[in-house]
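Enquirer: Protein chains in written order, with our numbering: chain A, 1 to 533; chain B, 1 to 503; chain C, 1 to 165; chain D, 1 to 103; chain E, 1 to 699.
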Amino acid sequence: MIGFPILTLITFLPIVGMIIILAMPKDKSIWIKYTALAATGFQVMLAVILLGNYDYSAGGIFQAESFQFIEKFRWIEITGLSWLGTLKVDYFLGIDGLSMPMVLLTALISFIATISSWNINKSVKGYFALFLLLDTGMMGVFVALDLFLFYVFWELMLLPMYFLIGIWGGPRKEYAAIKFFIYTLFGSIFILIVMIGLYFSATEVIAGGERVFTFNMLALMDQANYSVDGILSPFNPHNLRFIAYIALFVGFAIKIPMFPFHTWLPDAHVEAPTPISVILAGVLLKMGTYGILRISYPIFPDITRDLMWYIALFGMINIIYGALVALAQKDFKKLIAYSSVSHMGYVLLGMASLSSTGINGAIFQMFNHGTITAMLFLIVGVLYDRSHTRGLNDFGGLATQMPAYTGFVTVAFFAALGLPSLSGFISEALVFVGAFGVESIRVLTIISMLGILLGAAYILWTLQRIFFGKLNEKWAQLTDIDAREYIMFIPLTVIIIFLGIYPSAMLDIMSTSVNTLVEFVINGANNISISGL
Amino acid sequence: MINEILNSITFIYPELAVSIFLLIIVLVDLVFHKDKKYIPYISLAGLVITGILVLNQIGITHFAFVPQLSAVKKYGMMTIDPFGSYFKLLVVVTSILIIFFTIASEEVIDLKERLGEFHALIYGMILGMLVMISASDLILIYLSLELLSLSSYVLAGFLKLRERSSEASLKYVIYGSVSSGLMLFGISIIYGLTGSTNLYVINSLIQGPQINLFTLSFSSILMFVGIGYKISAAPFHFWTPDVYEGAPISITAYLSVASKAAGFALLIRFIQTGFTSFISEDGYWTLIAVFDWQALLIAISILTMTLGNFSALWQDNLKRMLAYSSIAHAGYILLGIAVLSNQGLIAVLIYFFVYMLMNIGAFYVVMLISNKTGSENIDDYDGLGAKAPFLGVALAIFLISLTGLPPTAGFIAKLYLFIALIDANMIVVAIIALLNTVVSLYYYVRVLKHMYLTKSEREQENITPSIGSLVYLLVLLIPILFFGIYFTPIVEFARSCVSLLGI
Amino acid sequence: MSIYDVIFYLFAILTIGSGYLVVTSKNIVHSAFYLLFTLFGVAGLYVLLAADFIAIVQLMVYVGGILILLLFGVMLTNKVTDVKIRTGTIHIIPAVIGTGLLMGVIVSMMLRTNWKSEPGELPFTTTYGLGRILLTDYVLVFELLAMLLLIALIGAASIARRDNE
Amino acid sequence: MIEVGLNHYLVVSSILFSLGVYGVVTRKNAVMVLMGLELILNAANINFIAFAKYGNFGLGGQAMALFVIILAAAEAAIALAIVLNLYKTFSNVNVDEIDKLKE
Amino acid sequence: MSEISIINISIIILLLPLVSFVLLIFFGKKFPKLYLAATGVVFVALVLSIAVTFGMLTSYSGETLSFSFTWIDFGNVPSIGFLSIELGFEINNVTALMLFVVNLISALVHLYSIEYMRGDIRYTRYFAYLGIFTFSMLGIVITNNLLMMYIFWELVGLSSYLLIGFWFEKDSASDAGKKAFLVNRVGDIGMWIGILILFTHYKTFTFSTIFEQISLGNLPFDSAAALTTAGILIFLGAVGKSAQFPLHVWLPDAMEGPTPVSALIHAATMVAAGVYLLVKIFVILTADAMLVIAVVGGVTAFVAATIALTQNDIKKVLAYSTVSQLGYMVLAVGVGAYAFAFFHLVTHAFFKACLFLGSGSVIHAMHHEQDIRYMGGLRKKMPLTYYTFLISTLAISGVPLFSGFLSKDGILAGTLAFGSLTGHWLLPIIGFTVAAMTAFYMFRLVIITFHGEPRNKEKYDHAHESKWVMTAPLAVLSLLSIFIFYTPNPISADAGWFLNKWISTPQTVVPAEASFDFMQSGMNKHETGLAQESGIVHSVQYTEAMHHAHYPAMFLSLILAGLGILIAFIFYQWKKVDLEKLTEKLNSLYKFSLNKWYIDEFYHATFISGTIRSADALSWFDYYIIDGIVNASASITRFVSRLSGWFDTFIVDGLVNFSALFSGFIGLSFRRLQTGKVQTYIVFVVFAVLVLLLFFRPF
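Okay, structure coming up:
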């Protein structure tokens, strides 16, 4: 173990950067940028240190002892309440195989988005301050193990995002920002309700032997901690677990975004500046699926099992629907946005399988989608910077004009359509392997496979429309990518190819935890249905 | 007899101090006819002293002015208890903030001639509120309510030459008088039923079997009209938006916090002292089965918050928008009472403290901006985020806190409220309240949108607040952010102040 | 039917009848005079209820104070030369329905309720007793009322004063 | 005819109260509205005194009536001041026409 | 050579082209001569593969050498136990031969391309793509599991996409690339489902383990139907890649790629991958699956042949002929003629590559003229090209002494035997019809192109024989179309070393009740002398049937091929028949064939426009309905905003109105309540008191 609170550091490092930036004079924009770069760069370093010290055999999920880099102390404690006993909220951080990939992803994408932000010139100070705040919020969501803390981080990222879209966005930024805000907040209120319901349904033994209500996720996963009369207790014959699960799921589904809650995404993406699109697609969307895996699954194993088919159904709809709608888009960014909807459908499908392969695939897909879609948005950004248009039909023949760019685009595109030897394939394949293995959702899985075809269709069509054919003379002045853009693209490309060839590098991190999770959920569901009778 | 009075006086030091300073202000106003710039400082000094006296009282539980001649000997007209002290402290702190507020407000600065009257009237309000918070006798309640009202009528119309202000004043006085008239009629009926105006006596008498429930309900509802008007609970809120918009902004802020707080204190005391039979181990109140206060309060609070929020959606005038928002907040706070438990009460106490900070803060920023631009219209906030960065951020934080998003104290307040609701199994109500919060988000965010996202069409100079305003805003902002992260202190304090003088 | 009853009915009819005219008369000045009769009738009822001191206060304060004040108000807010100082009415229908229902409810409530009723005699003259409780039991109220009057004074002056602005 | 008792007084006060409310609601002129208000207060006062007498509650009721009368005077003073001020700005005291603040 | 070194060398062979790809991609710009290194690398690979093949056939014939490693380890998976995904390689005779074929053709195409592609702006990029293709193809060849098969399968698709669309400036080229990839994906999805069926049950992708399990009677989901389904689904992959009906439409279009690419990928190797896949999974094919495969193969062979009859583009004719021949191979697998399927794969690879390269030579000479109607008389200008082309044509037409005769004859015999054993007589009929048509259209091609008078004088005058780097591969390939390389007996391959020593039909593992009777067991293998002789035997019946069918098939095919050639000469060389009249008479048939049975049009009208239309509809739905529900009035506001031209503010106000709609009447009436008239408020108070009293009365 490491001798310093590394998770706190990795989470709040951006805030430190933010404070430094706020203290800087407004006109030193280059120093502000370097500060942000340093903050996110250190974050990447810390993530690498984390990875270096990571114990691959620790399961996590519900066992506090096998979480790693745990930091836990009392944040808020109010004792002696007449009816509440003790009210406590812990500052409880820790990671396992579910969160480790997400931590890596967040660090990486934040760093790359910082580089991509280099040509932001409008109120630089505010931009980077908000950006770093956002970074903290995201990182916090992935390392928090206390529901309350989780929620605080969850909300923390809301406002910076709103402003980043709303101030630095495109022509319809206000609309997009408000849409994003309303949607997300709507979702988080559902989460809050369930969170409070959970709080009052379970207790935890604290030092001194007292049983108190708790926000501790791990304690909430243990059925033994539930009292008989809690509204979300499995032992309560009139419990509201089903409704709570739906509410929680909707809360997370909005973030994913799951059909039919997805319409904020195209608008947000189209209007957001490139780095923010990168963050949005790269990290934010993962928070929804992460939340489901981290919270919904282990806390409500019974409902999870009952609703498996529906989750898979929505996964399928996401895949097919997103792909079909993407096919009809004429705006490059919108197309990528809808492709995100489609790709996140694979995550849902994999999760719905409730099998190790499927969930491994889902988490891996989360990571891969993070890198691939981030790269896709960078690609759109590069083109938009030069041409100031995103219309797919405005281009043509760029392959000869910008060969290096085309090369990176090809890698990203083929990764997105799930070409073997690139990372996207492995995750999609694992998702299918997992989902196909479950009889009840097999038909859905087979229908979902149409997504492979449709994905290839819209991606190849896009490739053709932009890069192939005769060069439009209008674009004869476009220059190929520069050094800074190389720096953004190369790490992502390397990761995409490396993980495509050697997926174990990522899968080994998560597989122990995933096995633990699956076993826990299945056992939990069985236990509850027995005791529920 | 005289001993009892003298003894009682020791418990009303804060009220005495306020009265004395009221007289001092009047005298100073008369004597120093020409130069009135010291008056605000005198009133500040008075408030500080009052505040210290109130602080001194915290923890004391006692009756004052126990009647000696009449049959009722056990219960006094005034009740000194931690609950009352909390609200008194809140009122005093609010008053101090408002005095500073008026110092910065150009509307009031313009009225140098009448500054003495202004402060005297503010003191009248304070006196009314302090007595109202402690009063346990209906006639005292009525008169203190009237004292508060009369002062506020005048203050609302204090800008005589402004049409809106005069109109506000007229509406206020007519609406207020009728409401208190109805309340008085209710009091007279209760008096007829029980033969007493003391809440404690009423409590013990209405438990008797011969009490006519319908009559009691009717008088309760009439009582509630008077209190409901003070806390602007729907459907007795109609005066609020008009008066808030017309009144000088400092007075609007004051009305929306202090007089509302006093009204709530009164409502809580009225229900708990007058209608509670006992308080269970875990802090739940059991009401005497003569009137279903809980149902009434839930209905009223849902109506209030819904109406407030939905009406606020359309407001383009920020002052008016905040007026509706304060109606909505009254709805949330009413829910805290409707829980009928100590936990709900704690939530109310916390909520009020936070509400004081954020609401005054929001009004203060609106005032500073209208000082500069002469407008409270939302369109004139376009691009303000860039023109007045600090004010923009401050207003943003206040509004976020009003919405109830973390990491602000507003979140904590709402959280405690919802915790109380859920614990009382009022899930549906909690969900309605949550949905209301979502609605409220919209109009708060709309302001942010105008400040940050909309480009201003006209050129506008930067607005830099004075050092004083800066400090003032920081004084409000820091607790909001601090308590948003670490809220144990206020929770503990509220918890210690939750007990009313029992039956 | 005793003489007491007859007097009661006289006063009652006076009170209600003139009260009705107060709220219906088109002429404001007439209304003000009807109000005089109403207040007088109420004072008579006070006397019947053995509240002699209150009756006198009623006459002094109301008739001598408030009513004059109201008349001044009427005069100051209308052109004096205008002989017919009239006023219109609004909300007739909702007001009739609302107050009609309200009256029905209150009257039936008043009649149905089993009020506390104990035989007992008040002292012949209440002035002493009143004075005594005002300065003992109700001393706080009394003093508060004093402050209230002060505030009313300041407030009224502040608002109504003609500033040279 | 029944002997005059508490109920008679209460009926009178009830009717007076209703008339007051009616007046407040219907009269256009602000001063007239205030007259309606006075009726309401008087109705309450009749109640206080009648209850005090028939319930044998002592002099408390009368004291209250006294307070209310004094309060009514103060209130009338303030209200009339406000009406006068309004007349200065609006040249009109018709309550229903003073509705700039709305919506 | 030891086992290990064979495996190791195979892996080196696999990786060499990848190295060439990486080098060219990253350094191609800086070192324009690097393509020579790439060619060299491929030749090294060729030499190594010859060594492997030699070593294999001599030392380990009939054995399977394999090597595997853990790729992904899932650990202890709940309800399954320890689960990992193994990858690996395996080398046996078939693999070794395939290695050789792929490397040989790849090397020759590299060589050929040096000249053919000279001057292209993406010259090095082209060689890079050839490298990645060769790598992927070799991957398919030497894998020992389905997952890797699928991975390289897709990679082959990628390289095909890149090479077809190599001249992406032409819309037709990039369209063709896209079409190829998408059509292939359709098949791949089926294949993937098939693979998943197997994996779900056996928890492994490795061929040998799966076969072993099946032979132990452990069927997927314990049902023979599932096995059939799996077989057919995996076959779907082959349908895509080997351009079988109805997914054959991409291959003719793929001719938009450079001609050497067509030779390498779309004639010799990649399209054969489907057949190779079938060969790999042959042992698990059930009777039903085989019948489906046979029918598909037969239909393909027939459809493509009919289309080839009328095409005028030299490459299109060859493309359809390829489709047709692939149909033959698939048919062969379907009827159980395992060895002949593979045999035909190899012979076809050589002569078809030769044909394509020859056509490339012609096209090169004619300055990228591809329409045969503008050619003619090239025989004199390009003798070497002509003769090699002719040899290959003879081979494909099934003329004795050439390789095609041997392999095709075997297939026809197989169908005949199959027909006799199962009663499916239609298959041999199709087989023989197609044989005649093949001979006809191939000779039509040769005659129109090389014989007669030049029709385009100008181009003809400029035409010249190609350089040696182009003709040398032609020579090598045409040489390999001669019988002697496969068997000493020019009319029967049965006794040849190719079929006798190198290739033997494996034992089916499908349970008896699910497979054809004649596929059952080789229990009599040793008892019948025939088995020893031919080595292609499955069972007594089939062997006998084959044996009986051999000579009838041979004669029949000879007659039919001769007939085809004869008609071609009558029509085109001697011009005894007025073609114009004939086409007029058979106009509808002619058009039907010329327009490729209108299959593309059909697809366009149904699937493609269906997808596009549903995409548009869903997009509309998304924008107006879903989004519209969410902020219903946003669309109303959008409309109004267009009127007012005040867009920005309006959108946001639209969100306010969303609340308006949401709160509807209530919200609006709230607003209306606030009339500004204080007496109205008091009326409300009075009524509120009454209402409250009504609701909260205590009785």
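The beta-carbon is built from N, C-alpha and C at its ideal position, and this holds for glycine as well.
Extract the residue ranges of the alpha helix (DSSP H) inside the stretch 203 to 265 of chain E, only unbroken runs of 4 or more that lie entirely within it.
Expert: DSSP runs (the alpha helix (DSSP H)) wholly in the stretch 203 to 265 of chain E: 207 to 215, 224 to 241, 250 to 253, 259 to 263.
Enquirer: Can you tell me the Cα-Cα spacing of E:ILE448 and E:ALA128, whole angstroms?
Expert: 36 angstroms
Enquirer: If you run the structure through DSSP and keep just helix, strand and coil, what is B:TRP538?
Expert: The requested residue 538 of chain B does not occur in the structure, where chain B is confined to residues 1 to 503.
Enquirer: When you compare only the Cα positions, how much space is there between D:VAL95 and D:ARG27?
Expert: 8 angstroms
Enquirer: Tell me, to the nearest whole angstrom, how far the beta carbon of A:GLY3 is from that of A:LEU132; I am working on the premise that it is less than 8 angstroms.
Expert: Contact doesn't hold; Cβ gap of about 26 angstroms is too wide.
Enquirer: Mind checking whether B:LEU130 and B:GLU15 have CB atoms under 7 angstroms apart?
Expert: yes
Enquirer: Return the Cβ separation of E:TYR328 and E:GLY297 in integer angstroms, given the expectation that the two are a contact with Cβ distance under 8 angstroms.
Expert: 7 angstroms
Enquirer: Hey, is E:LEU692's beta-carbon within less than 7 angstroms of any beta-carbon in chain B?
Expert: yes
Enquirer: Please say whether A:ILE303 and A:TYR245 have beta carbons closer to each other than 7 angstroms?
Expert: yes
Enquirer: Tell me, please, whether the CB atom of B:GLU146 is closer than 7 angstroms to any CB atom in chain D?
Expert: yes
Enquirer: For A:VAL152, which residues in chain B fall below 8 angstroms Cβ to Cβ?
Expert: PRO406, PRO407
Enquirer: Specify the secondary structure class of E:PHE695 as computed by DSSP and reduced to three states.
Expert: helix
Enquirer: Indicate whether at least one CB of chain C lies closer than 7 angstroms to the CB of D:LEU101.
Expert: It does not; no Cβ of chain C falls within 7 angstroms.
Enquirer: Helix, strand or coil: how does DSSP classify E:HIS550 here?
Expert: helix
Enquirer: Following the continuous alpha helix (DSSP H) through E:HIS462, name the residue where it begins and the one where it ends.
Expert: 457 to 462
Enquirer: Near A:ALA253, what residues of its chain come up, given a Cβ to Cβ distance below 6 angstroms and the 5 sequence neighbours on each side ignored?
Expert: PHE261
Enquirer: Which chain B residues are close to A:GLY166, counting only those with a beta carbon under 8 angstroms from its beta carbon?
Expert: LYS449, TYR452, LEU453
Enquirer: Using the beta-carbon of each residue, which ones in chain C are nearer than 7 angstroms to E:GLN674?
Expert: For E:GLN674, no chain C residue has a Cβ inside 7 angstroms of its Cβ, as the nearest lies near 16 angstroms away.
Enquirer: Within the 7 angstroms Cβ cut-off, does C:LYS26 reach chain D?
Expert: no
Enquirer: In chain order, what residues of the stretch 432 to 444 of chain B put their CB closer than 9 angstroms to some CB of chain A?
Expert: Legend: CB atoms of the stretch 432 to 444 of chain B lying less than 9 angstroms from CB atoms of chain A belong to residues LEU434, LEU435, THR437, VAL438, LEU441, TYR442.
Enquirer: Under three-state DSSP, which class holds B:HIS119?
Expert: helix
Enquirer: If A:SER513 and A:LEU98 are in contact, beta carbons under 8 angstroms, what's the gap, nearest whole angstrom?
Expert: Contact flag correct, Cβ pair sits at about 5 angstroms.
Enquirer: By the DSSP assignment, the alpha helix (DSSP H) with E:ILE91 in it spans what residues?
Expert: Not the alpha helix (DSSP H): E:ILE91 falls in the beta strand (DSSP E), residues 81 to 91.
Enquirer: So if I threshold CB-CB distances at 7 angstroms, which residues from the stretch 166 to 199 of chain E count as touching chain A?
Expert: PHE168, GLU169, ASP171, SER174, LYS178, PHE181, LEU182, ARG185, VAL186, ILE189, TRP192, ILE193, LEU196, PHE199
Enquirer: With a threshold of 16 other CB atoms inside 10 Å of the CB of A:SER440, please say whether the residue is buried or exposed.
Expert: exposed
Enquirer: Can you tell me whether B:SER301 is buried or exposed, with buried defined as 16 or more other CB within 10 angstroms of its CB?
Expert: buried
Enquirer: If we define contact as Cβ-Cβ less than 7 angstroms, is E:PHE687 a contact residue for chain C?
Expert: yes
Enquirer: Please classify C:HIS91: does DSSP put it in a helix, a strand, or coil?
Expert: coil
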